[in-house]
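Student:
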Amino acid sequence: MDARTRKQQQLDEGRGDDLPVLAEANAKRDRLLAALSLIVGIGVAVALPFALRAGAEFFMPVTAALVIAIALVPLLEWFERRGMPSKAAAGLCVIIFLMLAIFAIGSIVIPASDWVAQVPNKIDRVRTALDPVFDLYKNLDRFIDRIATQIQLTRGGQGRSVTIEQPNSVMGLLATSAPHLLIQLFFSLLVIFFFLAGWTTMRKRTIVSRGSFEGALTTARVIQQVVDATSTYLGTITLINVGLGALTATALWWLGMPSAVMWGGIVAVANYIPYLGPIVAALLLFVGGLMTFPDVWGALMPPAVFIGFHLIEANFFTPMVVGHRLTISPLSILISLSFWAWVWGTTGALLAVPLLIIMKTIFAAAGTPDIAGFLFEKGTLTHAGEEDEEEVEERQEMEPAMVDTPKALS
10 MDARTRKQQQ
20 LDEGRGDDLP
30 VLAEANAKRD
40 RLLAALSLIV
50 GIGVAVALPF
60 ALRAGAEFFM
70 PVTAALVIAI
80 ALVPLLEWFE
90 RRGMPSKAAA
100 GLCVIIFLML
110 AIFAIGSIVI
120 PASDWVAQVP
130 NKIDRVRTAL
140 DPVFDLYKNL
150 DRFIDRIATQ
160 IQLTRGGQGR
170 SVTIEQPNSV
180 MGLLATSAPH
190 LLIQLFFSLL
200 VIFFFLAGWT
210 TMRKRTIVSR
220 GSFEGALTTA
230 RVIQQVVDAT
240 STYLGTITLI
250 NVGLGALTAT
260 ALWWLGMPSA
270 VMWGGIVAVA
280 NYIPYLGPIV
290 AALLLFVGGL
300 MTFPDVWGAL
310 MPPAVFIGFH
320 LIEANFFTPM
330 VVGHRLTISP
340 LSILISLSFW
350 AWVWGTTGAL
360 LAVPLLIIMK
370 TIFAAAGTPD
380 IAGFLFEKGT
390 LTHAGEEDEE
400 EVEERQEMEP
410 AMVDTPKALS
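Be aware that the sequence shown starts at 10, since it is given in our numbering, and climbs by one per residue.
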């Protein structure tokens, strides 16, 4: 054995001894980078809600516009497959959405303004209908009188009175905030239009820019899953809510309640908010019943009818139509609903479930956070990406064929 061979063996032995040290150093480096990522992620998670709330005038219309645009992508692609240019298809989608929104808002807001204007005249009817309840709780009447006195905002000790002039109708309230609402609406429509107009080009550029075929395939699959999940949920829920509102309006018309279409629209919109929306709709229907019917038992009929329809829809019809692919944990829905309602109010509550579906779809491909595994095990910060249900079903169907193939050849 010559000197060169002995020297090479010594170098190989030295490298073999250094491998455990290098592996340990790499593991420490990975843990340090993961710890830094965890700290930065916690900081972003803590600061993000306050940033979204402070910048609600910008972030809220942009987010709502993007969710609506994603839901309109299948309609856009349907127009494009029939030879329509992207910009013309995007404009047509925006026009259709705007017409539906104007019809829905008009059918609710205009009759609601009349109901709000009738509230002072209906107070005596409401009190008369609630007399049996007041008889059971005598102190409630005294409490209402005390609250009514406080609402007058009259301060006798200061020698002056302060009167706050409120809009006397919903239309007056809208008129006071019309410029701000119109600016946000116009901005949101522009975001929807330009998102849809550049959707095809943007998707191709995003997929082609990946460095590998596998990365491009994964990106295309994630984009399609986000579009399919969001549009499927919003489309099916919209149809279900419209049907629920139509049934409720028909039943209220049969009971003799005025503005049945308005109440059906309120039920349809409120049903977009899980759990809390139906409760609010039932309470509003009870108030409307008190303003319409002479006794409390008649006032209970409208919310009772709605609750019956809602129980059938929530427990039988929606699970059958939506299916198991869009089922989400109730705890996740409640947390998302609470978070977005705190950040953006009613609009955030309406966007809570679509945003949860989008984030769930992205995390299913990119990997879900695994903070417990990182802290208590020698793991990373994320689980591996979850397999798509269609891929699992295809693999299960192919496994028997793959097993039986050698037998057939032999």
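Even for Gly, the Cβ is constructed at its ideal location relative to N, Cα and C. In this text the structure is predicted, and so the values were computed from the model without any measurement.
Starting from the N-terminal side, write out each stretch of the alpha helix (DSSP H) that is 4 residues or longer and does not extend beyond the region 297-376.
Tutor: Runs of the alpha helix (DSSP H) inside the region 297-376: 305-308, 310-321, 327-331, 339-375.
Student: Among Ile321, Val231, Leu191, Met211, which residue has its Cα nearest to the Cα of isoleucine 111?
Tutor: Nearest of Ile321, Val231, Leu191, Met211 to isoleucine 111, Cα basis: Leu191.
Student: Go ahead and label valine 53 buried or exposed: buried means 16 or more other beta carbons lie within 10 angstroms of its beta carbon, across all protein chains shown.
Tutor: It counts as exposed.
Student: On the three-pair Cβ rule with 8 Å, is the region 56-75 touching the region 219-230?
Tutor: Counting Cβ pairs under 8 Å, fewer than three are found: no touch.
Student: Between glycine 265 and the rest of its own chain, which residues show a CB-CB distance below 8 Å, the 5 nearest in sequence each way excluded?
Tutor: Only Thr301 meet the Cβ criterion.
Student: CB isoleucine 117 to CB glycine 254, shorter than 7 Å?
Tutor: For isoleucine 117 and glycine 254, no; Cβs fall outside 7 Å.
Student: Decide if valine 352 is buried, meaning its Cβ has at least 16 other Cβ atoms within 10 Å, or exposed.
Tutor: Per the 10 Å Cβ criterion, buried.
Student: Taking the C-alpha atoms as reference points, what is the distance between alanine 98 and leucine 85?
Tutor: Cα-Cα distance, rounded: 6 Å.
Student: Please state whether DSSP places isoleucine 282 in a helix, a strand or coil.
Tutor: Correct three-state label for isoleucine 282: coil.
Student: Classify phenylalanine 204 as buried or exposed, calling it buried when 16 or more other Cβ atoms lie within 10 Å of its own Cβ.
Tutor: Burial call: buried.
Student: Let me know the secondary structure DSSP gives arginine 214 once reduced to three states.
Tutor: The answer is helix: DSSP assigns arginine 214 an H, G or I state.
Student: Are the region 233-252 and the region 275-295 touching by the rule of at least three beta carbon pairs closer than 8 Å?
Tutor: Short answer: they touch.
Student: DSSP state of methionine 69, grouped into three classes?
Tutor: Residue state, collapsed to three classes: helix.
Student: Leaving out five residues on either side along the sequence, give the residues of the same chain with a beta carbon under 7 Å from the beta carbon of serine 197.
Tutor: So the list reads Pro70, Ala73, Ala74, once near-sequence residues are dropped.
Student: Whose C-beta lies closer than 8 Å to the C-beta of methionine 310 among residues of the same chain, with five residues either side of it excluded?
Tutor: Leu264, Gly298, Phe302, listed in sequence order.
Student: According to the neighbour-count rule (16 or more other Cβ atoms, all chains shown, within 10 Å of its Cβ), is proline 287 buried or exposed?
Tutor: Buried is the call here.
Student: Identify, in the order they occur along the chain, each residue of the same chain with its Cβ nearer than 7 Å to the Cβ of leucine 41, setting aside the five sequence neighbours on each side.
Tutor: Around leucine 41: no qualifying Cβ.
Student: Near tryptophan 124, what residues of its chain come up, given a Cβ to Cβ distance below 8 Å and the 5 sequence neighbours on each side ignored?
Tutor: Closer than 8 Å at Cβ, skipping near neighbours: Ser268, Met271, Gly297, Met300.
Student: If distances are taken between C-alpha atoms only, which option among Leu294, Ser218, Ile366 comes closest to leucine 242?
Tutor: In the sequence as presented, leucine is not what sits at residue 242; that position holds tyrosine. Looking at the Cα atoms, Ile366 is the closest of the given residues.
Student: Measure the Cβ-Cβ separation of serine 347 and alanine 206 and say whether it is below 7 Å.
Tutor: No; because the gap between Cβ atoms is not below 7 Å, this pair is not in contact.
Student: By a C-beta neighbour count over all protein chains shown, 10 Å radius and 16 as the cutoff for buried, is isoleucine 201 buried or exposed?
Tutor: Buried, by the Cβ-count rule.
Student: Label valine 235 either buried or exposed according to how many other C-beta atoms from any shown protein chain fall within 10 Å of its C-beta, with 16 as the threshold for buried.
Tutor: Buried, because 16 or more other Cβ atoms sit within 10 Å of the Cβ of valine 235.
Student: How many angstroms separate the CA atom of isoleucine 216 from the CA atom of leucine 199?
Tutor: Each residue's Cα considered, the two are about 25 Å apart.
Student: In chain order, what residues of the same chain lie with their CB nearer than 8 Å to the CB of isoleucine 371, ignoring the 5 residues before and after it?
Tutor: Taken in chain order, the residues that qualify are Val231, Val235.
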